[in-house]
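Working notes, structure below.
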Amino acid sequence: MRRWLVVPFLITTAPLVAAAQEAADTFAVRPRPTAGLSLADALSQGRTRSPAYLQVLNNAEPAKWGVRNAYGSFLPTLSVSGGVGYTGSGQSQFGAFFRETSPFWGSNYQIGLAWRFDGRVLAGPDQQKALQRATDEDIEDAGVGLRADITTQYLNALAAVAQTEVAREQVRRNNEFLRLARARHQVGQATLLDVRQAEATQVSSEVALLQAFQVENDAKLELFRRMGVAPPVPIQQVALTDSFPVVAPAYNRDELLKLAEEQNPSLKALRERETAARANVRAVRSDFFPRLTAQAGWSGFTQQFTNENLLAQEQLATGQQAAAQCTFDNQVRAGLNLGGIVPDCFGPNGLDATGTMLNPTTAQQVHNGNNVFPFSFTGQPFQAALTVSLPLFTGFSRHLQLAEARAQQQDADENVRAQALLVRASVESRYLALNAAYQAIGAQATGRDAAREQLRLAQDRYRVGLGSALEISDAQNAVQKAEGDYVAAVYAYHRAVTALEAAVGRPLR
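If you read the sequence shown in the numbering used here, its first letter stands for residue 30, the second for the next number, and so on.
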């Protein structure tokens, strides 16, 4: 009854057989590889090109400078600054009098030294070195993750290649079955239904082969994506060159747990951050003790007026005032016959012989004294100070910071404990999964051999006229499934080894 239910479908598939056969012939022979990729090459390229891994690797340089900065805190800081400015004209008041001022350009410089010494400076190197070690372990952990990721995908791609070969073998069996069905139909030992059944089975296996090829190509493309590179040739021409033998696992559970406890990089990174948190508590606690600071500095300035006529007028007025006082003193001394009369009251005060203008020498001095912008600085006295400070009350801010630092330390302690439990559970779980995966290979091998024997018996029965085409088709599908399950079990075992390595944190083979 079941045969007649599928007759309409078998008849409608007949025109599609030739087209499906033509499409499958494209993949009947694997394209000749022009590039090979080993697991070692994939891992090497991943370490130099994987974006995710390189992002973690970039953290090494800031961590290194963090340690240098901590040691640099023991040295004084040096700062240099300078600037220029302009002030426009205006008036300045001197008591009840106003005087017009000239616009001027000015420049200045400052050189400063500052130094601080307290508990935070002392605790800085230990804290930063712990953080640097934590960063190194993060990078190592990222390397472990990268290795597991690429290795797993390499195994996935190999499994896809093996599944393609299983599908190819199924196509070969179905072609043989189709030839046998046609030959028996020609001699009257089989019905047209058997031929159509064989044709439908052949079409199905060829479509499965096409799909297997697509899965294989997708797996290889994903492998190159995780490596961080593009395939050097069309993906169909890339061959994976490594093979992985199945070896009975000989790992000791206790040794694996001890190894993970000592070498798992994620756990070691958290331990280093715990050390850094303890150093931070010491640094914050030091705020309750005195702090020593020192400062020193040098500075200078220039001021150049743009209107030198005002300067000359001021100098002339000053000189004329001094000359008038000198003349008055001479008159008094002459009237009282005191002697000591100054013969020249104009020249020494910068005036010419008429007393109405500056003499050339004084005028030049005024010009030279004003021509200082921007680098003829007038230096200021050197300044230095040494200070010891001890805040007595800061609104409980120090107590708050210390409480927060202790909470962070306690959180770090719990993070270490939680990660240790997670690592232990992961190692035990993957250790058990590895042994289960190895046992599954034996079970799948037995099932595969039984399915192959079932197919052989069905083929023998069909040749002598005792079996049906559907019986052979079912047996062939059972073989394909059993072989596919065996391939899946083998690579599940290899992936289990990779997962165990990732849990431990180091290669085990």
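Beta carbons are placed, not taken as given, at the ideal position from N, Cα and C, and that holds for glycine.
Next item on the list: Could you pull out every residue in the same chain whose Cβ sits closer than 6 Å to the Cβ of Ile140, ignoring the five residues on either side in sequence?
Entry: Val109 and Trp327
Item checked: Run of the beta strand (DSSP E) containing Ala64, from where it starts to where it stops -> Ala64 to Leu66
Next item on the list: Could you tell me if Gly513 is buried or exposed, where buried requires 16 or more neighbouring beta carbons within 10 angstroms of its beta carbon?
Entry: buried
Notebook entry, point to check: Can Gly135 and Thr331 be called in contact, C-beta distance under 8 Å?
Noted result: yes
Notebook entry, point to check: For Gln226, which residues of its own chain have a beta-carbon under 7 Å away from its beta-carbon, when the five flanking residues on both sides are left out?
Noted result: Leu39, Ala498, Leu499 and Ser502
Note to self: With H, G and I counted as helix, E and B as strand and the rest as coil, what does DSSP make of Ala219?
What the structure shows: coil
Note to self: With distance defined between alpha-carbon atoms, name the residue in Asp478, Gly494, Met386 and Tyr138 nearest to Tyr515.
What the structure shows: Asp478
Next item on the list: Find the nearest neighbour of Ala532 within the set Arg78, Tyr280, Leu451 and Asn388, judged by alpha-carbon distance.
Entry: Leu451
Check: If you draw a straight line from the C-alpha of Phe206 to the C-alpha of Arg492, how long is it?
Finding: 10 Å
Notebook entry, point to check: Is Val109 helix, strand or coil by DSSP?
Noted result: strand
Notebook entry, point to check: Considering Asn137, what are the terminal residues of the beta strand (DSSP E) in which it resides?
Noted result: Phe133 to Phe146
Note to self: Assuming the contact rule is C-beta atoms closer than 8 Å, Gly148 and Phe318 should be a hit. Round their C-beta distance to whole Å, please.
What the structure shows: 6 Å
Checklist line | Sequence-distant residues of its chain with Cβ nearer than 6 Å to Trp144 (five each side left out) | finding: Pro105 and Ala323
Note to self: Could you give the first and the last residue of the continuous alpha helix (DSSP H) run that contains Gly398?
What the structure shows: Pro389 to Asn399
Check: Would you report the Cα separation of Gln157 and Val276, rounded to the nearest angstrom?
Finding: 45 Å
Notebook entry, point to check: In whole angstroms, what is the alpha-carbon distance linking Ile264 and Lys510?
Noted result: 27 Å
Notebook entry, point to check: What residue range is occupied by the uninterrupted alpha helix (DSSP H) comprising Gln342?
Noted result: Glu337 to Gly364
Checklist line | At least three beta-carbon pairs within less than 8 Å, the stretch 160-178 to the stretch 464-476 | finding: no
Check: By Cβ distance below 7 Å, which residues in the same chain neighbour Ala346 in space, the five residues on each side in sequence not counted?
Finding: none
Item checked: Of the listed residues Leu83, Gln243, Gln344 and Ala414, nearest to Thr390 (C-alpha basis) -> Gln344
Next item on the list: Just grab the DSSP bridge partners of Gln412 for me.
Entry: Gly326
Check: For Tyr520, is the classification buried or exposed, using 16 other Cβ atoms within 10 angstroms of its Cβ as the cut-off for buried?
Finding: buried
Next item on the list: Determine the direct distance from the alpha carbon of Glu303 to that of Arg435, and round the result to whole angstroms.
Entry: 11 Å
Checklist line | Cβ-Cβ separation, Gly329 to Phe406 (assumed contact under 8 Å), whole Å | finding: 3 Å
Margin query: I'd like the list of long-range same chain contacts for Leu184, defined as Cβ closer than 8 Å, with 5 residues on each side in sequence excluded.
Written below: Phe273, Tyr520, His523, Arg524 and Thr527
Item checked: Proximal residues to Asp178 (C-beta, below 6 Å), its chain only, five neighbours per side dropped -> Arg255
Notebook entry, point to check: Helix or strand or just coil, what does DSSP make of Arg59?
Noted result: coil
Next item on the list: Quick one: residues in its chain with C-beta nearer than 8 Å to the C-beta of Arg427, no 5 flanking neighbours on either side, listed in chain order?
Entry: Val313, Asp316, Phe317 and Pro420
Note to self: Report the CB separation of Gly534 from Asn309 in whole angstroms; it is logged as a contact under 8 Å.
What the structure shows: Incorrect: roughly 26 Å between the Cβ atoms, too far for contact.
Next item on the list: Could you please give the first and the last residue of the uninterrupted beta strand (DSSP E) stretch that includes Leu269?
Entry: Val267 to Leu269
Next item on the list: Alpha carbon to alpha carbon, how far is Thr181 from Tyr280? Give it in angstroms, no decimals.
Entry: 20 Å
Next item on the list: Give me whichever residues DSSP pairs with Arg320 in a beta bridge.
Entry: Ser418
Margin query: According to DSSP, simplified to helix, strand and coil, what is Tyr280?
Written below: coil
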